[in-house]
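S.K.:
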Amino acid sequence: MSDVQTWIKDTVTNTPVVLFMKGTAQFPQCGFSGRAIQILKACGVDNIATVNVLEDPEVRQGIKDFSNWPTVPQLYVNGEFIGGSDIMNEMYESGELQAMFKK
Numbered sequence: 001m002s003d004v005q006t007w008i009k010d011t012v013t014n015t016p017v018v019l020f021m022k023g024t025a026q027f028p029q030c031g032f033s034g035r036a037i038q039i040l041k042a043c044g045v046d047n048i049a050t051v052n053v054l055e056d057p058e059v060r061q062g063i064k065d066f067s068n069w070p071t072v073p074q075l076y077v078n079g080e081f082i083g084g085s086d087i088m089n090e091m092y093e094s095g096e097l098q099a100m101f102k103k
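The numbering of the sequence shown is full-length UniProt numbering, which starts it at 1 and goes up by one.
1) Report the partner residues of A49 according to the DSSP bridge assignment.
2) With three or more beta-carbon pairs closer than 8 Å as the criterion, would you say the region 22 to 29 touches the region 74 to 89?
3) Determine the direct distance from the alpha carbon of G84 to that of L75, and round the result to whole angstroms.
4) How many Å lie between F20 and N89 at the Cα?
5) Below 8 Å, can you find three or more Cβ-Cβ pairs linking the region 2 to 22 to the region 43 to 58?
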C-alpha cells in the first residue's frame, strides 16, 4: 500500500466524519462540494473534518482509487464510504443520513 493510501486509510478510520472535497468547508471550490457541506450542516454535524483534494494531486487521485469511486466529494462516516453529494442528498431526503449521526 502506498503512503497516500495508508494516509487515506488512517484518516477515514480515525476520523468520525471526513469529507474529501474540492476546497474547504468555509470556501468550497465546486458546487457539489458546497452542497455536501450544506447537507452535513443540515444534519447538525459540526465536527466535519475536510480534506481539500486540490492541494495534493496524489490525494485527489488516491481517494478515487481508495474508494473505487470516480468523483469528489466523498463522505466517510466511522470509516465507511457513504458516497458523493448526489447520494448524500438522496439519503438526506429519506432521513437515512440524519439517522447516521444520531447513533
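Note that beta-carbon positions come from the ideal geometry of N, C-alpha and C, so glycine has one too.
M.R.: Looking at the atomic coordinates:
1) V18
2) no
3) 6 Å
4) 16 Å
5) yes
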